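The opening position of the sequence shown corresponds to residue 10 in the working numbering, with each subsequent residue numbered one higher. The structure under discussion appears below in the form of structure tokens.
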Amino acid sequence: METDSFTHIAVMQAEAIAALDVQTDPGRVYVDGTGGGGTHSRLILDRLDPSSRLIIIDRDIDAIEHLNRRFAGIDNVTIINDVFFNFDDIMDRCGVDRVDGCLLDLGLSTHQILSDRGFSFRRADRLDMRMSADGDLSAYEVVNSYSFEELKRVFYEYGEERFAPQIAREIVRRRQEKPIERTDELSSLVEDVIPAKFKRNRNAATAVFQSIRIEVNGELSELPDALNAMVKRLRVNGTLAVITFHSLEAAVTKRTLSQYTSAKCTCPREFPRCVCGAKRIAKFTNRSLAPTEAEIHENPASRSARIWSIRKIEEI
10 METDSFTHIA VMQAEAIAAL DVQTDPGRVY VDGTGGGGTH SRLILDRLDP
60 SSRLIIIDRD IDAIEHLNRR FAGIDNVTII NDVFFNFDDI MDRCGVDRVD
110 GCLLDLGLST HQILSDRGFS FRRADRLDMR MSADGDLSAY EVVNSYSFEE
160 LKRVFYEYGE ERFAPQIARE IVRRRQEKPI ERTDELSSLV EDVIPAKFKR
210 NRNAATAVFQ SIRIEVNGEL SELPDALNAM VKRLRVNGTL AVITFHSLEA
260 AVTKRTLSQY TSAKCTCPRE FPRCVCGAKR IAKFTNRSLA PTEAEIHENP
310 ASRSARIWSI RKIEEI
């Protein structure tokens, strides 16, 4: 049996599929926007009527090749090599106007972590961090060409790193001697900068690697538009479920989805009645659902995972 090295770290899978609330009657359309090894896709497909359709999206060509093998010969599965940020365009290309559910798992796959692309600070790999091999920007360019101010912004904004100025300054200093090329070089640099008393319960490089990965892949800047597109494409009673893994993803997801779950009138106060058409078009079915203590004990990687899900109740 083939080992599934592409599978997302097994975090809250049952909860995520429950949140998606897959409908078993004919003619449904579901989207797994982060296919990875196909674990979530398989669970969705097992619940679908044969006349329904599953669209699987992944930006990683290695994952696409794996997905094509795993779902070979299954007529109601469509596999797309693209990033879910391009959701509207992908749906148009697939000839789909409305969907019944979308699932996003924003975590890394084990394949990505174990690859030589530099996602892990525990390995000595090239600085890359591109989720798609044809991406224009790599971690090497960020580390070796961004200015002090740009590096500081990335570490503050995407890593919430309190020592961002010190780390950025040391990167600029060291790369003047020679380029910083490997993950272990960068990890060691960060370890040298951060005082020992602030390293408790975490690897010092965690926030820096996270922030560079987000910058390279545009993970936060494009997320709101993608979520908006998904909500608009949902049929009434359709669901959107998102698994987040850090506070920044969670904040963006919560803020974006909340605009659909509350009706905030924007009319001037002097207007005698509402004319802006504000209405609540969705409701939260899960708001920051956390893993159980048992799951955290079994799988420490799940500690920061949260599930956010909404059901559409009115058409936009």
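The C-beta atom is built at its ideal place from N, Cα and C for all residues, glycine as well. Keep in mind that this is a model prediction, so the values were computed, not measured.
Specify, as a first and last residue, the run of the alpha helix (DSSP H) that residue 215 falls within.
From DSSP, the alpha helix (DSSP H) with residue 215 extends over 215-226.
Measure the C-alpha to C-alpha separation of residue 196 and residue 224 and round it to an integer number of angstroms.
The alpha-carbon atoms of residue 196 and residue 224 are separated by roughly 17 Å.
On the three-state DSSP scale, how would you describe residue 319?
Residue 319 falls in the strand class under three-state DSSP.
So the candidates are 98, 44, 63; which of them puts its Cα closest to the Cα of residue 74?
Comparing Cα-Cα distances from residue 74 to each of 98, 44, 63, the minimum goes to 44.
Kindly list the residues whose CB is nearer than 7 Å to the CB of residue 16, restricted to its own chain and excluding five residues on each side of it in sequence; keep chain order.
Legend: pLDDT at residue 16 = 46, less than 50; position of this residue unreliable, no value from coordinates given.
So, helix, strand or coil for residue 249, using DSSP?
Strand at residue 249.
So, residue 70 versus residue 50, is the Cβ gap smaller than 7 Å?
Cβ atoms of residue 70 and residue 50: not closer than 7 Å.
Look at the Cβ atom of residue 176, then the Cβ atom of residue 152, and state whether they are nearer than 7 Å.
No, the pair does not count as a contact, with Cβ atoms beyond the cut-off.
Mark residue 12 as exposed unless 16 or more other C-beta atoms lie within 10 angstroms of its C-beta, in which case mark it buried.
A caution first: residue 12 carries a pLDDT of 39, below 50, which makes its placement in the model too unreliable to give a value.
I'd like to check one pair, residue 321 with residue 243: are the Cβ atoms closer than 7 Å?
Yes. Within cutoff.
Quick one: what's residue 87 bridged to in DSSP?
Note: residue 87 sits in a beta bridge opposite 64.
With a 10 Å radius around its C-beta and 16 neighbouring C-beta atoms as the bar for buried, classify residue 104 as buried or exposed.
Counting Cβ neighbours within 10 Å, residue 104 comes out exposed, since fewer than 16 surround it.
Can you check whether the CB of residue 155 is closer than 7 Å to the CB of residue 136?
No; because the gap between Cβ atoms is not below 7 Å, this pair is not in contact.
In whole angstroms, what is the alpha-carbon distance linking residue 8 and residue 217?
Residue 8 falls outside the range modelled here, since the chain spans only 10 to 325, and no answer is possible.
At the level of alpha carbons, what is the spacing between residue 205 and residue 181?
So the alpha carbons of these two residues sit roughly 22 Å apart.
Apply the 10 Å Cβ neighbour rule to residue 37 and answer buried if 16 or more other Cβ atoms are within range, or exposed otherwise.
By the neighbour-count rule (16 or more Cβ atoms within 10 Å), residue 37 is buried.
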